[in-house]
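Single-structure report; data block below.
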Amino acid sequence: MAAITMERVSVWYGRVKALNDVSLEVEPGSVLALIGPSGCGKSTLLRVLNRLVERTPAARVAGRVLIDGHDILAPDVDLALLRRRVGMIFQRPVSFPFSIFDNVAYGPRLHGMKNPHQLRRVVEGSLKQAALWDEVRGKLRRPAHGLSGGQQQRLALARALAVNPEAILMDEPTSSLDPGSAARIEELVVHLKGQYTVLIVTHNLQQAARVSDFTGFLDRGQLIELGETSQIFTAPRDRRTEAYLTGQFE
Amino acid sequence: MERQALNGWIERWQARLLWAATLLVAMLVLAITLVLAVGATRFLQSRGWRLGVLLGANWNPLAGHFEIGLFIVDTIIVTALAMAMTLPFGLGVAVFGAYVASSWERTALRWLLTVLAAVPSVAMGWWGLAVVVPGLRRIGGGPGFSLLAAGAVLAVMLLPTFGLLALEVLDKVPEDWHQASLALGASEDQNLLQMALRVSLPGLKTAFLTAVARAMGETVAVQMVIGGAVYGFHGMLGPGATLTTQILTDMAILPLGHPAHGVLDLMAVILLAGLTLLTIWAQRGDERP
Amino acid sequence: MVIDPREARGVSIRHLLVTLAVILGPGAAAALQPAAITVAGATSLLPYARAVIGQWSRDNPSTRVALTGGGSLGGWYALRLGRADIALSDIPFSPGTALKELPIGKMPVLLVINRQAGVSNLTMGALRRVWRGQVRRWSQLGGRKAAVRLVVRQAGSGARHVIDARLGAPAPDVLQIVQLSNGAVVRTVSEMPGAVGYVEGDRPWLGVVVCRIDGQAYRPGGPWPLYALPRLYFPASAGPAIWSLSHALASSPRKTGFGIVPAARRRFGG
Chain A
170 MAAITMERVS VWYGRVKALN DVSLEVEPGS VLALIGPSGC GKSTLLRVLN
220 RLVERTPAAR VAGRVLIDGH DILAPDVDLA LLRRRVGMIF QRPVSFPFSI
270 FDNVAYGPRL HGMKNPHQLR RVVEGSLKQA ALWDEVRGKL RRPAHGLSGG
320 QQQRLALARA LAVNPEAILM DEPTSSLDPG SAARIEELVV HLKGQYTVLI
370 VTHNLQQAAR VSDFTGFLDR GQLIELGETS QIFTAPRDRR TEAYLTGQFE
Chain B
419 MERQALNGWI ERWQARLLWA ATLLVAMLVL AITLVLAVGA TRFLQSRGWR
469 LGVLLGANWN PLAGHFEIGL FIVDTIIVTA LAMAMTLPFG LGVAVFGAYV
519 ASSWERTALR WLLTVLAAVP SVAMGWWGLA VVVPGLRRIG GGPGFSLLAA
569 GAVLAVMLLP TFGLLALEVL DKVPEDWHQA SLALGASEDQ NLLQMALRVS
619 LPGLKTAFLT AVARAMGETV AVQMVIGGAV YGFHGMLGPG ATLTTQILTD
669 MAILPLGHPA HGVLDLMAVI LLAGLTLLTI WAQRGDERP
Chain C
132 MVIDPREARG VSIRHLLVTL AVILGPGAAA ALQPAAITVA GATSLLPYAR
182 AVIGQWSRDN PSTRVALTGG GSLGGWYALR LGRADIALSD IPFSPGTALK
232 ELPIGKMPVL LVINRQAGVS NLTMGALRRV WRGQVRRWSQ LGGRKAAVRL
282 VVRQAGSGAR HVIDARLGAP APDVLQIVQL SNGAVVRTVS EMPGAVGYVE
332 GDRPWLGVVV CRIDGQAYRP GGPWPLYALP RLYFPASAGP AIWSLSHALA
382 SSPRKTGFGI VPAARRRFGG
């Protein structure tokens with residue numbers, strides 16, 4: 170569990186400002202849903218937290234981001250350690266063209282775990298946490314690409330969990346999945362609550378309402394409103410939030 | 419409606435045309451292989467199928483000695499030397515181009531490699547004569563004309579082939595995978611070694627085989643610097659002759675119509691067979707789970 | 132759109148003619164000129180043959196002549212298989228009764244030695260010992276210490292034929308570099324310390340020592356032990372054009388300009 174604080178964070182891609190002066194706090198062990206129209210900066214916000222934003226050419230970040238009190242934008246930050254503590258799963262399920270086992274063991278191996286028994290334990294534990302174990306036990310040597318989309322997304326989650334993170338970033342994790350698979354991911358998010366701090370970007374308002382403790386609404390790079398999910402969905406304070414929630418947006 | 423019919427007609431003919439083109443290529447390959455195979459078979463027949471005898475090192479076609487073992491050994495050595503030199507450089511160039519270079523550096527690199535790939539082999543041979551052969555003579559004290567010189571000239575010729583292909587392969591690794599790997603805490607080096615190169619292995623293998631095929635088939639540039647010695651093995655710094663260079667050298671004394679012309683066909687068939695075996699072996703590796 | 136029918140016809144007929152010409156051109160040309168002669172063979176004789184054929188074609192404009200290399204043996208096989216009408220060779224073959232042989236003359240084969248060997252005169256006996264591998268360093272023959280290295284031509288070359296016949300084939304354990312042309316031999320010998328090789332023809336070979344043999348330098352008309360004997364072959368049943376061209380090639384006075392010494396008339400040999 171990690172407490173996350175953003176103070177006046179702005180991001181530019183070249184001359185385009187993608188995130189404008191965003192400040193927020195996330196309580197440890199809670200789930201924060203980020204909603205807003207396409208291109209509002211939700212994904213950029215997530216990518217600031219594990220500094221994947223720097224992969225985009227000409228990206229520039231200003232402001233302060235604290236995770237458990239440590240400034241993660243400082244130049245001497247150990248990126249490997251940061252990303253180990255802050256896991257991420259993506260919109261399209263990403264499986265490496267390895268076996269199921271090697272996919273989950275990828276992270277632990279990066280961080281120097283070599284002992285096969287230890288690896289096996291971690292892989293099994295992570296797959297169980299991601300509710301995939303029952304479907305893949307005994308088939309761990311099979312290629313991960315043989316799994317369905319929903320299974321691959323749970324595999325991605327297991328892979329993220331295998332390095333024992335404190336926070337998990339989810340970038341529209343169900344948008345490419347069928348409703349059944351999406352529901353299973355949602356269940357998992359609810360299940361992970363309390364153990365991990367979760368930030369989830371979603372276009373699906375019902376999903377945000379179902380899984381999150383807090384909801385933030387972003388528009389054009391600005392954080393318009395952030396509050397408890399029940400409050401945002403029943404009594405939004407800002408007109409723009411209300412307009413978006415009632416479908417009068419875009 | 420009429421338009422639709424026209425489109426259908428065009429599509430049908432397009433398909434037929436493409437099919438015909440493919441058929442033409444297949445027939446061409448078949449025809450070439452067949453001609454070589456027939457020549458080789460006739461030759462072997464005339465020698466009573468004593469294949470073992472052909473693997474010796476006594477080559478003197480004017481006196482009726484057709485042992486090509488030495489050329490097979492030299493072909494393997496020269497190819498191996500060339501690949502050993504090309505592989506690290508080519509891979510380095512590809513990694514630089516795919517992951518390190520800025521966009522203009524990348525464009526420049528591609529352009530350079532393409533230009534290098536377009537240098538005719540006879541010009542590479544001159545370069546070998548002007549630089550590699552005297553250089554090896556100064557360093558090694560031998561004649562300079564050598565298996566090593568041939569390997570070095572080949573390595574430079576293969577660099578763009580292998581480098582460009584490997585660059586394409588590494589470029590094709592999806593950005594998603596890089597992000598997923600980095601998001602798990604992989605350093606750039608780990609991302610490269612444990613993810614990018616690993617997932618690119620089948621493609622890199624194909625690039626490697628293409629380079630090997632080119633190395634085994636290259637003739638003129640190798641001929642110019644290898645020394646053409648047909649007696650005995652003189653070491654890496656000594657002269658030798660490969661299957662292709664000896665075909666070139668003795669084409670004139672074993673012309674089409676000569677009763678022993680088939681030995682040249684046989685040498686070509688051995689090259690083809692070697693490449694085929696290598697390809698099959700490499701593909702078998704891919705099918706492992 | 133209005134199309135003038137005359138114009139359209141004009142275009143299509145012109146196209147048709149062009150197409151026909153492209154398709155039938157070479158065949159039609161061959162059919163119109165039945166007298167086409169193919170000359171093939173020794174590459175060392177090509178420059179001379181080209182000069183003679185140029186002259187001959189001006190006198191016989193109705194006959195086309197094609198000239199290709201392929202080496203002495205290649206030319207011989209092409210002639211035997213009916214793919215060539217005249218074969219140029221600097222290696223002797225047995226023509227039998229179906230083929231005619233004409234001598235063209237003789238071409239000296241010169242020994243060239245790297246400057247660092249410190250040797251410029253050798254006896255035939257010493258050369259034989261070099262070829263047999265009994266001389267490993269030039270110091271054994273009064274030169275410097277450089278190791279002996281042979282630069283030879285490929286099998287089937289006229290020069291190699293002469294050298295192998297007079298000096299014996301080089302011992303297998305003597306290091307030999309094979310080069311495919313006179314120029315490549317000279318370049319290699321000039322660059323490689325201790326190298327010795329041979330070339331066909333009396334030309335100013337640069338960067339190397341042209342070796343005297345038994346104290347004699349080569350000079351046209353003087354005594355010289357190493358000669359290649361270029362000759363040509365053609366079918367005895369050939370028509371007058373082939374006979375005419377063959378005799379022109381055998382007896383043209385231009386040969387001296389190409390380093391070929393006229394042989395004594397109707398006599399053959401060094």
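Protein chains in written order, with our numbering: chain A, 170 to 419; chain B, 419 to 707; chain C, 132 to 401. From the three backbone atoms N, C-alpha and C, an ideal C-beta is built for every residue, glycine too. These numbers come from a predicted model, not from an experiment.
is_contact[A/N219, chain F] using C-beta, thresh 9 Å: Absent here is chain F; the protein component of the structure consists of chains A, B and C.
Contacting residues, own chain, Cβ-Cβ under 7 Å from C/E174 (five flanking each side not counted): It is Thr, not Glu, that sits at residue 174 of chain C in the sequence shown. Close CB contacts of C/T174 within its chain, under the 7 Å cut and outside five residues either way in sequence, are with G200, G202 (chain order).
C/A326 at chain B interface by Cβ criterion, 9 Å: Taking Cβ atoms only, chain B reaches closer than 9 Å to C/A326, which makes this a yes.
Cβ-heavy atom distance, C/A257 to the ligand FMN, below 8 Å: Summarising the ligand content, the structure contains no ligands, and the ligand FMN is consequently not present.
Residues bridged to A/L392 [DSSP beta-bridge criterion]: Checking the DSSP bridge columns, you'll see A/L392 partnered with A/L387.
Own chain partners of B/M669 with C-beta closer than 8 Å, once the 5 adjacent residues on each side are dropped: Taken in chain order, the residues that qualify are L682.
C/D304 classed as buried or exposed, judged by whether at least 16 other C-beta atoms fall within 10 angstroms: That one is exposed.
The segment 259-267 of chain C contacting the segment 308-315 of chain C, beta-carbon criterion three pairs below 8 Å: Counting Cβ pairs under 8 Å, fewer than three are found: no touch.
Secondary structure of A/A243, DSSP reduced to three states: If DSSP states are grouped into helix, strand and coil, A/A243 belongs with coil.
Interface flag, A/R184 vs chain B, CB-CB below 9 Å: It does not: the Cβ of A/R184 has no partner Cβ on chain B nearer than 9 Å.
Any chain B beta carbon closer than 9 Å to C/G201: C/G201 counts as touching chain B.
Exposed unless 16 or more other CB atoms sit within 10 angstroms - verdict on C/K276: Exposed, because fewer than 16 other Cβ atoms sit within 10 Å of the Cβ of C/K276.
Residue from A/G416, A/F386, A/S399, A/L218 whose Cα sits closest to the Cα of A/D407: Taking each of A/G416, A/F386, A/S399, A/L218 in turn and checking the Cα distance to A/D407, the smallest one comes out for A/F386.
Beta-carbon proximity list for B/V638, same chain, < 7 Å, skipping 5 on both sides: Exclusion of the five residues before and after B/V638 leaves S539, V540, G543 as the residues of its chain whose Cβ lies within less than 7 Å of its Cβ.
Partners in chain A for B/W595, counting only beta-carbon separations shorter than 7 Å: Chain A residues near B/W595: V263, F265.
Pair within 9 Å by beta-carbon distance, A/S212 and A/K362: Taking 9 Å as the Cβ cut-off, A/S212 and A/K362 do not qualify as a contacting pair.
Reduced DSSP secondary structure (H/G/I, E/B, other) of B/T667: In the structure shown, B/T667 sits in a helix (DSSP, three-state: H, G or I).
Same chain, Cβ closer than 6 Å to B/R460, neighbours up to 5 away in sequence not counted: Taken in chain order, the residues that qualify are G680.
Burial state of B/P592, where buried means 16 or more other Cβ atoms lie within 10 Å: Burial call: exposed.
Within chain B, the residues that A/G256 reaches when beta carbons sit closer than 8 Å: Chain B residues near A/G256: A601, L602.
C/P361 - containing beta strand (DSSP E), residue span: Run containing C/P361: none; DSSP gives neither H nor E here.
Beta-ladder partner(s) of B/F484, from DSSP: According to the DSSP secondary-structure assignment, B/F484 is paired through a beta bridge with B/W477.
Nearest-angstrom Cα separation, counted from B/R421 out to C/A139: Any reading at C/A139 must be qualified, since the residue scores a pLDDT of 42, below 50, and its modelled position is unreliable; the value itself is stated next. Using only the alpha carbons, I get a separation of about 28 Å.
The segment 180-200 of chain A contacting the segment 216-233 of chain A, beta-carbon criterion three pairs below 8 Å: A contact is defined here as three or more CB-CB pairs under 8 Å, and the segment 180-200 of chain A meets this definition with respect to the segment 216-233 of chain A.
Assigned secondary structure, B/W699 (DSSP; H/G/I helix, E/B strand, else coil): In the three-state scheme derived from DSSP, where H, G and I count as helix and E and B as strand, B/W699 is classed as helix.
Through-space distance from C/A167 to C/G249, alpha-carbon basis: Just so you know, the alpha carbons of C/G249 and C/A167 end up roughly 52 Å apart.
Three-state class that DSSP yields for C/G328 in the structure shown: DSSP, reduced to helix, strand and coil, places C/G328 within a strand of the structure shown.
Beta-carbon gap between B/M634 and B/T493 smaller than 9 Å: With respect to the 9 Å criterion, B/M634 and B/T493 are classified as neighbours on the basis of their beta carbons.
Three-state class that DSSP yields for B/W467 in the structure shown: In the three-state reduction of the DSSP assignment, B/W467 falls in the coil class, being assigned neither a helical nor a strand state.
Beta-carbon proximity of C/L337 to C/V316, cut-off 9 Å: With a cutoff of 9 Å on beta-carbon distance, C/L337 and C/V316 are scored as not near each other.
C-beta neighbour in chain C for B/G650, strict 9 Å: Yes, B/G650 lies at the interface with chain C (some Cβ there is under 9 Å from its Cβ).
Whole-angstrom C-beta distance between B/M685 and B/F489, which should lie under 8 Å: Cβ-Cβ separation between B/F489 and B/M685: approximately 7 Å, consistent with a contact (criterion under 8 Å).
Where B/G581 sits in the DSSP three-state scheme: Assignment of B/G581 by DSSP, reduced to helix, strand and coil, places it in the helix class.
Residue burial classification, C/G227 (beta-carbon count within 10 angstroms, cutoff 16): Exposed, since its Cβ has fewer than 16 Cβ neighbours within 10 Å.
Alpha-carbon spacing of A/P334 relative to B/T662, whole angstroms: Those two C-alpha atoms are separated by around 59 Å.
Residue-level contact to chain B via CB, C/Y208, 9 Å cutoff: Yes, C/Y208 lies at the interface with chain B (some Cβ there is under 9 Å from its Cβ).
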